[in-house]
Structure formats: structure tokens, C-alpha cells
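Okay, so here's the structure we're looking at.
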Amino acid sequence: MQSATPCNPKDTDDLSRCLMGKLNILDAIEYLTGETMSEGLELESVEASGCGCQETQINESELDSELQPASEINPDEIVASVTTQTPINIPSFPQQITTQPVMSNRTSNFVTASEAPSELEGKNLVYALGVLGYDFGSEARRDSFKQLMPGVSIEGTMIPANPYDARQMVDYLGENLPEAKALIWTLNLELTPIYAIEPVGGFSRDVYEVLQSLLDGQIQEENNPEFVQRVSIPGVLTGRSVKLFSGQVVPVIEINNTRGLYGWKVNTLVSAAIESVQAEAGDAQEDAIRRTLSSFLNRIYYDLRNLGTTSQDRALNFASTNAFQAAQTFAQAVGAGYELDSITVEKSPFCRLDSDCWDVKLKFFDPENSRRAKKIYRFTIDVSDTIPVTLGEVRSWSSAY
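Quick note on numbering that gives the first Met the number 0: the sequence shown kicks off at 0 and runs consecutively.
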């Protein structure tokens, strides 16, 4: 098209058929190859690409007549020229056409090695901490639950079901688990929904069962061993969003199995930490350990809160969950009255192939004696998968600052 000859209104009766102009074979080849075609090659290209139709032969004769006078053309010379130049020019002619840059504007569908799978699919990994909740999305959905849920008897008086009562909802879902799919499960951060949870795949029923169990743990009394204070939710951002009953629009994350779904049971953790300290020190102050662990959890949840989408945030949230699960690892520091000073996340200086490794350091200090050395615990975490994993063991050392 770049080498087309402009249209001449005198040469055609129908101007609508003339778009960019007339095709110019010689200029097109010169534009692609950067070389001027010889007469032999011109004739050769016409000879090689002929389709056997009469119109092509007429155009060839017209083209030759425009280039040279008819009296100067010798048929014998033309045949000889084609014969001598065919072995040289024919292989180079299609080769130049196959490597021409006109096709470079087509969209490529291949994947380069430097791109992460989550970026290629338009999805991002999420590992977030919060409190589990549920929403109806519309008045009709809420009313349907109100009609299907059984009433509650209080002192002999039947009271209509309240779908907003988490205790009634837990009991109803315990007997009718498929109804959990009709709810919009949410992950809340300080009473504000930040994600809508959508179980998918063949294990979605198991995921709904775990969600119902976690919701049951959240409504227990705070001194109950099964009380769940926080939950960790691993998933994948879908790029979709859902509108809640309040009108708020939140992004949707998908969960395809129960791996990584975890509830923070504070009382069970304290009991395990106390047993570990008693095994080492012989005496443990339960109130001090409980206060220190509560301060630790509040610091993570309120001071270091995040959405869990970046690699640093996911490493931080998993380190918090892992430290919660393995509190007996640093139970001696907790039993000695140490409290959490800071949590830092930095890129690991080395990592295994196709991984995303981060070093998370938890620093503890003695609030009663500032001259005591600080205690540092380090986790190395790989966040390249949906479920982050810890690499190696938890390392600890003392530091003056």
C-alpha cells in the first residue's frame, strides 16, 4: 500500500473501486528489499507468478510497453535473461517477502519467561487476614433466607428467624450446607468488607464447610478454646466485583480448595505457648503470656493491616499466621516478657528457581529493660504460589538494635 500509484480519474469509470491507488509491483519489491529490480527479474517474476489467465498476460505486455519501446525488446534476449538469472534471483525473492516487516503489527500470543502466570491471566494472588462475614446482596435474597430459616423459641415463644444473626445462620447452614452458596461471603477488615469470597472447583463444598466452621468459631465466647479471632484467606483475584446489600462494590477472590484457610484460635495458642515455656523454664506467668500474645496479634492486625495483594504484604501476612501457628518457637521470649517491636519484610538475597522469596524479621524487645538485647526471629517465605510456604527453619539471634 505504501508503494501504490495514485488513482487517475481518466483511467477508470468507477472511482469507488479505487481506494489507495493501483498496485505497483516494481515499487513494492523495491520498498521491501531496498533494491532496484532489473529487467530480467521483472520478466522473471511475471513468468514465475503467472496464473495462466489472459488478463495477467495483457497486464504484463502493457507493463513492458511502458518501460521500453517495443522496437528495443528482443524475445531471444528476454528468454536468455530469464534463464541466466533464475538460479540467482528466484531463491532470494520469496525469502525477502517472508521476512518483510509488514506482519509485525499482529498481536503475539506467546508467553515470555519473565512474566508471572498471575500477570498473564490478569489475576493476582491474595493472602489476606481479617474477619469472616456474609452478605445477601439484595432484599429478595435476604427475605428468601428469612422464609426458609426456622424460627427460634425463646422461653416458649416462637420468634421469626433473623438472617442477620450469625448464630442462627450457622445452625441453618450446618443442616443445609448447599444454602451457603446463596450467600456472599466476605472478608472484613474492621467491619469493612474488602473481598467477596467465591469457592470454585470440585472442592467448593469443602470450602463452604470450612467457612461455616470458621463462622461458628467467631461467634463463640472469648474464653472458649474454639474461639476464632482472625482468619487467613488465600485466593486469586478474578477481576470481577460484586455489589453488596449496602451498595458497596468489592472485588471477588476465588478459592478452589481448603489449603491455607486458617482460623486464629487464641486460647489454644496460649495453652500451647504456656506448655512450651513450662517445659523450658519450669514456671510460666499465664497472664503475662496472654497479654503479650494479645499485644502481638493486635499489632499485626491493626498496625500492619493490608490487602494482601503485593508480594511483601502476602509474605508479611503469612509470617504472622506462621508465627501464630508456631508460637512455641519463640515462646521463651514471650515467657520472658518480650513484646513485639517491629516486623520488616525485605527481598531475600538468594532464592530457588521460579520462586519469589522474602525474609520476614520479627523483632522483640523488653519493655521493662531497654538495655537488654533485642530478640530477632527470621522467616524466609516463598510467595510464588497461592499458598505461601516457609523455606528452611525459623532462625533467631540477639541484636543490640
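Ideal Cβ placement from N, Cα and C applies to all residues, glycine included.
query: According to DSSP, residues forming a beta bridge with N187; result: V130, P192
query: Inter-residue CB distance, T207 and V230 (contact presumed, cutoff 8 angstroms); result: For the sequence presented, residue 207 should be read as Tyr rather than Thr. Y207 to V230, Cβ: 14 angstroms. No contact.
query: C-beta atoms of I218 and R141 nearer than 9 angstroms; result: no
query: From D365, I299, D381, residue whose alpha carbon lies closest to that of K346; result: D381
query: Burial state of S310 (16 or more Cβ within 10 Å); result: buried
query: Within 9 angstroms, strictly: CB atoms of I183 and L306; result: no
query: Unbroken alpha helix (DSSP H) run spanning K145, endpoints; result: 138-147
query: Sequence-distant residues of its chain with Cβ nearer than 8 angstroms to G150 (five each side left out); result: M157, I158, P159, A160
query: Cβ contact (3+ pairs, closer than 8 angstroms) linking the region 219-229 and the region 172-186; result: no
query: DSSP three-state assignment for D302, whether helix, strand or coil; result: helix
query: Local conformation of F363 per DSSP, three classes; result: strand
query: Among A287, R313, C356, nearest to P366 - alpha-carbon criterion; result: A287
query: Residue span of the alpha helix (DSSP H) that contains L236, given as start and end; result: It is not in any alpha helix (DSSP H) - L236 instead sits in the beta strand (DSSP E) that spans 227-242.
query: Contact check, K374 vs Y400, beta carbons under 9 angstroms; result: no
query: Distance between W357 and N175 (C-alpha atoms, nearest Å); result: 42 angstroms
query: Close-in-space but distant-in-sequence residues of the same chain around G391 (CB under 6 angstroms, 5 per side omitted); result: T379
query: Same chain only: Cβ atoms within 8 angstroms of K264, ignoring 5 sequence neighbours per side; result: G216, P224, E225, F226, V227, Q228
query: N312 classed as buried or exposed, judged by whether at least 16 other C-beta atoms fall within 10 angstroms; result: Before going further, note that residue 312 is Asp rather than Asn in the sequence given. The residue in question, D312, is buried, as its Cβ has 16 or more Cβ neighbours within 10 Å.
query: E197 burial status per 10 Å Cβ neighbour count (16 or more: buried); result: buried
query: Cβ neighbours of R239 in the same chain (closer than 7 angstroms, five flanking residues each side left out); result: V251
query: Alpha carbon of L172 to alpha carbon of S397, nearest angstrom; result: 49 angstroms
query: Whether I232 touches A335 by CB criterion (9 angstroms); result: no
query: Inter-residue spacing [alpha-carbon to alpha-carbon] between S341 and S203; result: 37 angstroms
query: Cβ neighbour criterion (16 or more within 10 Å) applied to E54; result: Reliability fails at E54, whose pLDDT of 45 lies under 50, so the model's placement of it is uncertain and the value that follows must be treated cautiously. Exposed, because fewer than 16 other Cβ atoms sit within 10 Å of the Cβ of E54.
query: Reduced DSSP category for L182 - H, G, I as helix; E, B as strand; rest coil; result: coil
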